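Numbering (this note's numbering), first residue to last: 2 to 345.
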């Protein structure tokens with residue numbers, strides 16, 4: 002007997018991608034009556050709401066307009082035993098995906114959640130989406146810090162955070178402790194609804210903060226990395242959108258870290274093994290000299306022949322300057338990134 006699952010999706014002018022996400026959910030080989038879809042809409046002016054209702058989703062208002070507040074607005078109405086955080090630009094790559102995510106949680110009641118261990122690479126996708134799938138992240142700085150949470154073609158690992166794991170065949174049973182927690186929690190993560198209700202408060206659901214905060218308070222957490230993937234159509238071919246999303250990420254993080262004190266993810270946890278400081282230095286030096294980034298691109302291309310690898314130097318340069326500029330600018334004007342004219 003399969004349990005009820007609530008799909009939580011934040012949206013703001015996401016008509017260009019939402020239909021593909023919702024169609025992939027309804028194509029699941031999972032009892033339809035056990036799937037609940039809730040969209041937290043930030044006041045879309047396009048066809049987002051109409052598309053959501055077309056696919057049977059419940060639409061709730063998200064007056065704060067951000068993705069994190071949209072997740073929380075939708076989660077408040079969740080009635081499933083499990084809650085899946087699936088963004089509008091995610092696509093479930095197979096009809097068995099939801100069962101693959103839920104079954105390990107049913108087998109391991111001590112686990113708080115599950116997550117795909119990779120982003121699905123598809124030849125048909127834009128070069129930025131393919132690049133992010135190849136490195137297993139949307140922010141190349143994370144590759145240098147080592148706290149990523151998806152398979153990275155360069156390192157052939159899904160994270161460099163010290164942890165304990167046990168291979169269970171179709172998935173890995175992982176224990177995180179105070180040595181650090183990778184950026185788990187986004188893009189297809191499935192949590193026990195009771196766990197989220199106990200550990201998420203307020204108006205925002207910061208996905209990567211949930212497990213990290215739990216470990217900081219309890220000492221450890223059991224998590225599941227399923228040996229499958231999820232499609233994340235991140236920016237596709239738009240460099241300007243890549244810049245905007247990097248800006249949004251750092252501006253929002255700095256605002257909530259410095260002004261509201263709501264962000265709790267420990268970006269410094271890897272300093273226990275010296276990785277964070279060294280990784281930051283290597284990232285800046287690589288961007289300034291450029292040559293190491295070209296070497297990484299060539300190495301990646303040799304492992305997986307895709308010209309998307311050669312976006313890597315530009316992606317790193319954009320990330321460095323966006324982070325540096327907004328870190329400085331935040332001392333003068335620290336506020337959330339404006340969602341005016343935002344379009345997915």
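Even glycine gets a Cβ: it sits at the ideal position worked out from N, Cα and C. No experiment lies behind these values; they were computed from the predicted model shown.
Same chain, Cβ closer than 7 Å to residue i, neighbours up to 5 away in sequence not counted
i	result
residue 285	321
residue 273	Below a pLDDT of 50, predicted positions are generally treated as unreliable, and residue 273, at 49, falls in that range; no measurement from the model is reported.
residue 17	345
residue 331	255, 259
residue 346	Look at the range of the chain in this structure, 2 to 345, and you will see that residue 346 is not part of it.
residue 257	263, 264
residue 336	256
residue 30	96, 97, 100
residue 25	92, 93
residue 241	none
Nonlocal neighbours in the same chain, by C-beta distance under 6 Å from residue i, ignoring five residues either side
i	result
residue 316	141
residue 338	249, 252, 253
residue 130	234, 235, 237
residue 11	41, 68, 71, 72
residue 79	7, 194
residue 165	176
residue 173	166, 226
residue 288	317, 318, 321
residue 223	111, 112, 176
residue 232	92, 94, 121
Residue i burial status per 10 Å Cβ neighbour count (16 or more: buried)
i	result
residue 259	exposed
residue 38	buried
residue 208	buried
residue 280	buried
residue 220	exposed
residue 51	exposed
residue 310	buried
residue 66	buried
residue 89	buried
residue 92	buried
residue 312	buried
residue 32	exposed
residue 325	exposed
residue 277	buried
residue 144	buried
residue 152	buried
residue 239	exposed
residue 290	exposed
Minimum C-alpha distance to residue i - residue among the options
i	options	result
residue 83	75, 94, 103	103
residue 189	125, 66, 22, 4	22
residue 268	146, 154, 4	146
residue 100	171, 241, 329	171
residue 214	14, 183, 239	183
residue 44	312, 87, 62, 8	62
residue 133	298, 333, 46	298
residue 202	232, 32, 295, 264	264
residue 266	217, 283, 127	217
residue 185	169, 167, 162	162
residue 292	314, 282, 24	314
residue 14	123, 247, 329, 47	47
residue 127	327, 243, 319, 318	243
residue 87	124, 144, 30, 20	20
residue 124	290, 329, 307	307
residue 341	26, 245, 122, 152	245
Cut-off 8 Å between Cβ atoms - residues of its own chain near residue i, not counting five sequence neighbours on either side
i	result
residue 160	147, 148, 149, 150, 183
residue 154	135, 136, 137, 301, 304, 305
residue 200	211, 214, 215
residue 4	35, 81, 82, 83, 103, 107
residue 187	86, 88, 208, 209
residue 28	93, 96
> Looking at C-beta atoms only, is the number of pairs between the stretch 181-196 and the stretch 48-60 that lie closer than 8 Å three or more?
Replying inline: no
>> Please give the ranges of any alpha helix (DSSP H) in the stretch 16-84, keeping only runs that are unbroken, at least 4 residues long and fully inside the region.
In response: 16-27, 49-55, 68-76
> Which runs of the beta strand (DSSP E) fall wholly inside the stretch 95-163 and span at least 3 residues, in chain order?
Replying inline: 112-120
> Should the stretch 228-239 be called in touch with the stretch 114-129, which here means at least 3 C-beta pairs below 8 Å?
Replying inline: By the C-beta criterion, the stretch 228-239 is judged to be in contact with the stretch 114-129, since at least 3 inter-stretch pairs fall below 8 Å.
> Do the stretch 94-111 and the stretch 199-208 make contact, defined as three or more Cβ pairs closer than 8 Å?
Replying inline: no
> Could you give the uninterrupted runs of the beta strand (DSSP E) lying entirely in the stretch 203-287, keeping only those of 3 residues or more?
Replying inline: You should have 221-233.
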